[in-house]
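Q:
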Amino acid sequence: MTIIVKKTTQILVGIIVLFGAYIITHGHLTPGGGFAGGTIIAGAFILLILAYGDDVMHLRATKEDSSQLENIALFMFLLFGSLGMFMIPSVFFKNYLPLGTVGELLSAGVIPLFNFFVGIEVAAALFTIFLAFVILKEEDK
Amino acid sequence: MEYIISVLLILMIAGSIYTLHASDLLSAIVSYGIVGFGLVIIFLFLKAPDLAIVQIVVEIITLIIMIAVIRNSSKEDLQEGATIKLEGVRYVNLHQLIYISGATLLGIGLVYYFILSTAGLDAFGVHEMRMSQVYVEQGAELTGSANLVTGILFDFRGYDTLGEATILISAVVGILTILRIKGRK
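Structure representation (structure tokens):
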């Protein structure tokens, strides 16, 4: 790519990742949530690879890392969901943490944790799909 | 608002029809993007910003992935499909007659059961909200979440979210498996 694309990407990628993190952490207050923020973060990484080419990260390691990360994130999501079965009204996906006041950042019990792990899972999954479609073909040539 | 949405819908239909008749695969994909981005604007008019955010980012990523796949695929694949000619059937086959009559009977039966099953529903336009009324009224108190959509998705409907995440993981595993087999050939 040209230097204009590279410089613009260099400035924008951090802001895009920050925006995705904002969408994820404020998922219980403003529109958005784990799915939206995860796709935005995956988009930032895809932009980085499109602008700088394949050798910006050590790609062979990154694919396995992102695949492992999404498995771990889904497992943590399941774990936090099943922790509700040990509480007194034992229900799967029970909201067992204190709810707090509506509208503050630290409120809504386990919903921010679920948002966080679903965001990691979605970002890793979309990034892995992109790597599989774009990189695996070029490795074989 | 209905006029704007119907204009957008007509635009989306025109884009998808052009996709079928485009001479180039790349222009077909770009015109197919009209459907996704029109849907984003429709979501914004219908006051669904959660869906609009997800839709616009997923649409961009999907377009990028499809364009990358088309750039990687060779030209021979593209021209191979263009030379296939379909030959018309000249006479009536007995097997085909049996298949067509069977499909027609199945369709009539399905329509009959559809009419039977929808007889007990409410009249058209009358909407009785038993469950969602509770969600709308007490959702903020029960979940502590100011955004009602997230409160429903991650608290009341936690199973749904778990299923969506599992579907995403199985899609990734399937894609990695298929591409790996092709790579090692």
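Protein sequences, first through last, are from chains G and U. Every number in the numbering used here is 102 more than the matching position in the first sequence, counting from 1. Every number in the numbering used here is 173 more than the matching position in the second sequence, counting from 1. Ideal Cβ placement from N, Cα and C applies to all residues, glycine included. In this text the structure is predicted, and so the values were computed from the model without any measurement.
(1) List, in order along the chain, the chain G residues whose C-beta lies closer than 7 angstroms to that of V307(U)?
(2) In the DSSP assignment, find the alpha helix (DSSP H) that holds S318(U) and state where it starts and stops.
(3) Give me the residue from I174(G), F229(G) and L201(G) with the minimum Cα distance to F218(G).
(4) Say whether chain U places a C-beta atom closer than 8 angstroms to the C-beta of F121(G).
(5) Using a beta-carbon distance below 8 angstroms, is I202(U) in contact with chain G?
(6) Assuming G145(G) and I234(U) form a contact by the criterion Cβ under 8 angstroms, report the distance between their Cβ atoms to the nearest whole angstrom.
(7) To the nearest angstrom, how far is the alpha carbon of L278(U) from that of T334(U)?
(8) For A201(U), collect the residues of the same chain with a Cβ closer than 7 angstroms to its Cβ; drop the 5 residues on either side in sequence, then sort them by chain order.
(9) Alpha carbon to alpha carbon, how far is D242(G) from N245(U)?
(10) How would you label I106(G), buried or exposed, when you count the other beta carbons within 10 angstroms and need 16 or more for buried?
(11) Need the endpoints of the alpha helix (DSSP H) that R244(U) sits in, please.
(12) Is there a C-beta anywhere in chain G that falls below 8 angstroms from the one on V231(U)?
(13) Since V208(U) and Q228(U) are thought to touch, with beta carbons under 8 angstroms apart, how far apart are those beta carbons, to the nearest angstrom?
(14) From I117(G), G116(G), G139(G) and I118(G), pick the residue whose C-alpha is nearest to that of T127(G); which is it?
(15) Quick one: is T291(U) near chain G, going by C-beta distance under 8 angstroms?
(16) Is I213(G) closer than 8 angstroms to Q323(U) when the C-beta atoms are compared?
(17) Do the stretch 223–236 of chain G and the stretch 341–354 of chain U meet, that is, are 3 or more Cβ pairs less than 8 angstroms apart?
(18) Please report the residue range of the alpha helix (DSSP H) in which S209(G) lies.
A: In terms of the structure at hand:
(1) Neighbours of V307(U) on chain G: none; closest Cβ ~16 angstroms, over 7 angstroms.
(2) No alpha helix (DSSP H) contains S318(U), which DSSP labels as neither H nor E.
(3) Checked all of I174(G), F229(G) and L201(G); the closest Cα to F218(G) is I174(G).
(4) no
(5) no
(6) Yes, they are in contact, since the Cβ atoms of G145(G) and I234(U) sit about 6 angstroms apart, within 8 angstroms.
(7) 39 angstroms
(8) T192 and A195
(9) Because D242(G) sits at a pLDDT of 49, beneath the cut-off of 50, its placement in the model cannot be relied upon, and the following sentence gives the value as read from the coordinates. Each residue's alpha carbon lies about 12 angstroms from the other.
(10) exposed
(11) P222 to N245
(12) yes
(13) Incorrect: roughly 11 angstroms between the Cβ atoms, too far for contact.
(14) G139(G)
(15) no
(16) Note on residue identity: the sequence assigns Thr, not Gln, to residue 323(U). Yes; because the gap between Cβ atoms is below 8 angstroms, this pair is in contact.
(17) In this structure the stretch 223–236 of chain G touches the stretch 341–354 of chain U; the number of beta carbon pairs closer than 8 angstroms is three or more.
(18) No alpha helix (DSSP H) contains S209(G), which DSSP labels as neither H nor E.
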